[in-house]
Amino acid sequence: MATTYQKIETITVGAGGATALDFVSIPQTFDDLIIKFSFRDGTYGSTLSTCYMTFNNTTSNRSTRWLFGNGGAAGSGNAANMYLPNIPGATATASTFGNADVYIPNYRASQNKSSSADVVPEGNTGGTYMSLVANLWSDTAAINRITLTADGNLAQFSSATLYGIKNS
Amino acid sequence: MAKTYEPIATLAGTGASSIIFSSIPGTFTDLVLVMNGTASSDTNVFVELNGDTSNNYSVTAMTGDGSSASSYRNANYAALQSLFGYFGTAGGMVLGHFMSYANAAINKVVLARYNYVSNLTLAGVGLWRSNSAITSIKVKTSNSATFPTSTKFTLYGIKAA
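Going down the list, the protein sequences come from chains V and U.
Position 73 of the first sequence, counting from 1, maps to 95 under the numbering used here, and the rest follow consecutively.
Position 31 of the second sequence, counting from 1, maps to 37 under the numbering used here, and the rest follow consecutively.
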């Protein structure tokens, strides 16, 4: 019996950090994709760093809209990019990583690519920023590559897993 | 080995103003509804459970429109509305988690995440004040807008054991 929810790949950042985490040659055999990650920015000199998502190495035709809460206020933002705000930055509480859950439906379909993301860092002493994010890549190409970056370099032990979902 | 996460059905829009999942098996614990695509023109998206069109639905939600955050609540809707969002000709998606959908001892709760970049992002909870097991889910537009064939709806079942 075919598996509905299947791990495609896990990538873990080694010593020295990484400028990006890159899922390449994504199989074109699923219907939806899910990314779950645990990230920390090891070089950006702030308690919070923004994470960015790119499909097929294309930085055009992207848009994002998010709702956030930081423990003191709620707000909303938008940009011509694909954001996953935020993850702990280099000056956040030590050994603390942020988590995210990203859902990308119909990644092979010949239509624009919407995605949903929930992202949370929690630094205990500050630097928290919970976000609910809508991202859109206005491109009808099938997604075959997903690149995750941050304001700085991803720290050692940052990891992400890509899952494929079959709808039949 | 039994599957934990299993597709029940995938429907495509037909050019009509609604789709319906009928005869939903009661053998899972939770349901997940994934909707992705567009509508022929701007419309709110409503969800009806078991054909109930009485004022038996409540919704509480928070939204971000790109400039500001807000929250609202309504306790007497005739469908799950202002929860599954607003669609038009740009791309959008909704994830809905129907928890314990077949439990005959409780009212039914759904957690929803709606994402439509040209409009807003939303997280919310809906309540259907009925103890009946959910056996049908109808997704419909609020006006004459229709769902094209490129818009897809998938229902998954999740087993807790």
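Positions of the beta carbon are idealized from the N, C-alpha and C atoms, including for glycine.
The model shown is predicted, which means the values in this text are computed figures rather than measured ones.
Contact check, ILE168 (chain V) vs ASP54 (chain V) under 8 Å by CB: the rounded distance? ILE168 (chain V) to ASP54 (chain V), Cβ: 13 Å. No contact.
Taking C-beta to C-beta, are LYS145 (chain U) and MET41 (chain U) nearer than 8 Å? Sequence check: residue 145 (chain U) is Val here, not Lys. A contact, by the Cβ cut-off of 8 Å.
Roughly how many whole angstroms lie between the Cα atoms of PRO154 (chain U) and PRO13 (chain U)? 22 Å
Could you pull out every residue in the same chain whose Cβ sits closer than 7 Å to the Cβ of LYS158 (chain U), ignoring the five residues on either side in sequence? THR16, ALA18, ASN42 and GLY43
Do ALA84 (chain U) and SER60 (chain U) come within 8 Å of each other at the CB atom, strictly closer than that value? yes
DSSP puts THR195 (chain V) in a beta bridge; with which residues? Given a span of 23 to 190 for chain V in the structure shown, any question on residue 195 (chain V) remains unanswerable.
Which residues in chain U have a C-beta closer than 8 Å to the C-beta of LYS188 (chain V)? List them in chain order. PRO13
Span of the beta strand (DSSP E), counted from its first residue to its last, around ALA187 (chain V): The question names Ala, but residue 187 (chain V) in the sequence shown is Ile. Unbroken beta strand (DSSP E) run through ILE187 (chain V): 181–187.
Integer Cβ distance of LEU126 (chain U) from ASP48 (chain U), believed to fall under 8 Å: Rounded, the Cβ-Cβ distance is 13 Å, inconsistent with contact.
Please identify, using Cβ separations under 7 Å, the residues of the segment 94–105 of chain V that lie next to chain U, in order along the chain. ALA96, GLY97, SER98, GLY99 and ASN100
Below-8 Å beta-carbon distance, ASN83 (chain V) vs any chain U residue: no
Give me whichever residues DSSP pairs with LEU43 (chain V) in a beta bridge. V:LEU170
Let me see if you follow: with CB-CB separation under 8 Å, is TYR78 (chain U) close to chain V or not? no
Distance between MET152 (chain V) and SER180 (chain V) (C-alpha atoms, nearest Å): 19 Å
I'd like to check one pair, ALA129 (chain U) with ALA67 (chain U): are the Cβ atoms closer than 8 Å? yes
Where does VAL38 (chain U) land, buried or exposed, given buried means 16+ other C-beta within 10 angstroms? buried
Start-to-end residues for the beta strand (DSSP E) that takes in PHE61 (chain V): 54–61
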